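Those letters in the sequence shown? Residues 1 to 380, by my numbering. Think of the CB as a built atom: it goes at the ideal place given N, C-alpha and C, for glycine as much as any other residue. Keep in mind the model is a prediction, meaning the values are calculated, not measured. What follows is a set of notes on a single structure, which appears directly below.
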Amino acid sequence: MRIAVPRETAPRETRVALIPETVARLVKSGLEVVVETGAGARATFLDDAYRAAGARIVAGARDAWGEGDVVLCVRPPAGDPNPVDFMREGATLIGFLRPVQNPDLLPRLAARKVNAFALEKVPRISRAQKMDALSSMSMVAGYKAALLAADTLGKFFPLFMTAAGTIAPARVFVLGAGVAGLQAIATARRLGAVVEAFDVRPAVREEVQSLGAIFVNAELVDQGAVGEGGYAKEQSEDFHRRERELLHKHIAGADVVISTAMVPDRPAPRIITEEMVKAMRPGSVIVDLAAESGGNCALTKPGETIVRHGVHIAGPLDLVCDMPVHASQMYSRNIATLLVHLVKDGQLQLDFDDEITRGACIAHQGQPLAEPAAAAGGAK
């Protein structure tokens, strides 16, 4: 079976689906790997390293997409012509596919009778932990968000005792304590800031406190606030009113706010109002990691850093692409683990009785699968 790794073509994308280290393991297991020339260059993985790992380098997108029995990508295929049109009939595509945001994808997959597995749909269960690319990329984003905030803020993060007297530490407030939020907390703490964090889910309190941060808001946490997959789910208007009152106070006292609240396949919840921004001190910083889905802050401009009411508001897109080496390394391990899960005896064997296969599959032989077990039975 041949695995193909094309070069990502999105303007800001620097990652690659497989790095040479992972290619070597797949080749050793008996799989053939082809890599489009330059696929890993923006992540500093050059063609010679792939050759040394046992991959064959092909000249362009048509060859990379067309030669693979399984094609591994980072972003959903896009462009004119669309690379899906180059795929072999009956081939398999694995990557972050986001069909809700890319409505033309499923019809194209259907035309080529392609099997498709979306990494963002891998169920968050212990058995699938090593396939959880969403968590891997969120970790990178949370780390980078804290560094971006520290670089933008005109103050030190840590406490300093100097000849000019004591310099107080920066105060950082993190909204959302998922993977990105926890990594932002940990990084801000390593940099020496005093950190507070808010999340509607009671289960994260101990994780927040274990990182040395103050968990804000025990009185608001809701046992019913956890939705499918462990994400925070949408709350009532009364909850949001009480939440806004509490957050206004803590945001006003923060030098930095890092917001990470997102709901899968929906616009990000608006948590930080313009009134809250006005209450912050001039020179304060907001880093809105939810910018790509609309932003947690009412003033966020996706892809821009703006100043409003004296506050720097950053709406970074694709922050993980600023760390392509480790982001690619982590993604490569995640996607390869899913691939190995789907391959038996050197061939793709799809067991829809398996929770991971069923959860990640969005199309089987080109047909969209909302519930693969019902749609395909136990088909292999």
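#1: Can you check the segment 284-370 for any alpha helix (DSSP H) of at least 4 residues that lies completely inside it and give the ranges in chain order?
#2: Can you name the residues that DSSP bridges to Glu207?
#3: Beta carbon of Arg27, beta carbon of Gly54: below 8 Å?
#4: With respect to the beta strand (DSSP E) encompassing Leu175, which residues constitute its N-terminal and C-terminal limits?
#5: For Gly310, collect the residues of the same chain with a Cβ closer than 7 Å to its Cβ; drop the 5 residues on either side in sequence, then sort them by chain order.
#6: What separation, rounded to the nearest whole angstrom, lies between the Cα atoms of Ile360 and Pro269?
#7: So if DSSP puts Leu182 in a beta bridge, which residue, or which two residues, is it bridged to?
#8: Assign Val70 to one of three DSSP states: helix, strand, or coil.
#9: Going by C-alpha distance, which of Glu207, Thr37, Thr337, Val256 is nearest Gly154?
#10: Could you please give me the residues that DSSP links to Glu196 through a beta bridge?
#11: Using a threshold of 8 Å, state whether the C-beta atoms of Lys144 and Met330 are closer than that.
#12: Near Gly89, which residues of its chain fall below 6 Å by C-beta distance, leaving aside the five closest residues on each side in sequence?
#13: Buried or exposed: which applies to Met280, given that a residue is buried once 16 or more other Cβ atoms fall within 10 Å of its Cβ?
#14: How close, in whole Å, do the beta carbons of Val34 and Val58 come, if the pair is a contact with beta carbons under 8 Å?
#15: Got a sec, what are the start and stop residues for the alpha helix (DSSP H) Ile251 sits in?
#16: Evaluate Thr44 with the Cβ neighbour count: other Cβ atoms within 10 Å of its Cβ, from every protein chain shown; 16 or more gives buried, anything less gives exposed.
#17: Using alpha carbons as the reference points, say which of Leu46, Arg2, Asn217, Val16 lies closest to Ser29.
#18: Determine whether the beta carbon atoms of Val204 and Ala184 lie at a separation below 8 Å.
#19: Under the three-state reduction of DSSP, which class applies to Ala374: helix, strand or coil?
#20: Rounded to whole angstroms, what's the CA-CA distance from Val320 to His341? Just pull it up for me.
#21: Could you tell me which residues DSSP pairs with Ala2 in its beta bridges?
#22: In whole angstroms, what separates the C-alpha of Asn217 from that of Arg51?
#23: Between the alpha carbons of Pro372 and Arg108, how many angstroms are there, rounded?
#24: For the alpha helix (DSSP H) containing Val140, name the first residue and the last one.
#25: Can you list, in chain order, the residues of its chain with a C-beta nearer than 6 Å to that of Gln365? Leave out the 5 residues immediately preceding and following it.
#26: At the level of alpha carbons, what is the spacing between Thr22 and Leu317?
#27: If we call anything under 8 Å between Cβ atoms a contact, is Asp288 one with Gly253?
#28: Helix, strand or coil: which one does DSSP assign to Thr273?
#29: Near Val100, what residues of its chain come up, given a Cβ to Cβ distance below 7 Å and the 5 sequence neighbours on each side ignored?
#30: Ser328 to Glu13, Cα distance in whole Å?
#31: At the level of alpha carbons, what is the spacing between Gln223 and Ala91?
#32: Kindly indicate the opening and closing residues of the beta strand (DSSP E) around Leu119.
#33: Would you give the residue range spanned by the beta strand (DSSP E) that Arg56 belongs to?
#34: Hey, could you find the ends of the beta strand (DSSP E) Leu93 is sitting in?
#35: Quick check on the burial criterion: 16 or more other C-beta atoms within 10 angstroms. Buried or exposed for Phe352?
#36: Provide the residue(s) that pair with Thr166 in DSSP beta bridges, ordered along the chain.
Working from what's here:
#1: 324-342, 355-360
#2: Answer is none; Glu207 lacks a bridge partner.
#3: Reading the sequence as shown, one finds Val at residue 27 and not Arg. Yes, the Cβ-Cβ distance between Val27 and Gly54 is below 8 Å.
#4: 171-175
#5: Pro282, Gly283
#6: One detail in the question is off: residue 360 reads as Ala in this sequence, not Ile. Between Ala360 and Pro269, the C-alpha separation is close to 25 Å.
#7: Leu182 pairs with nothing; no bridge assigned.
#8: strand
#9: Val256
#10: Phe173, Ile214
#11: no
#12: It should be pointed out that residue 89 corresponds to Glu in this sequence rather than to Gly. Arg112, Lys113.
#13: buried
#14: 5 Å
#15: 237-252
#16: exposed
#17: Arg2
#18: no
#19: At Ala374 the pLDDT is 40, less than 50, meaning the model places this residue with poor confidence; the figure from the coordinates comes in the next sentence. Correct three-state label for Ala374: helix.
#20: 26 Å
#21: Reading off the sequence shown, one finds Arg at residue 2, where the question assumed Ala. Glu32, per the DSSP bridge assignment.
#22: 54 Å
#23: The predicted position of Pro372 is uncertain, since its pLDDT is 41 and thus under 50; a value taken from the coordinates is nonetheless stated next. Approximately 19 Å between the Cα atoms of the pair.
#24: 133-152
#25: Lys113
#26: 27 Å
#27: no
#28: coil
#29: Asp265
#30: 11 Å
#31: With a pLDDT of 47 at Gln223, under the threshold of 50, the modelled position of this residue cannot be trusted; read the value that follows with caution. Computed Cα separation, rounded: 43 Å.
#32: It is not in any beta strand (DSSP E) - Leu119 carries neither H nor E in the DSSP assignment.
#33: 56-58
#34: 92-95
#35: buried
#36: Met161
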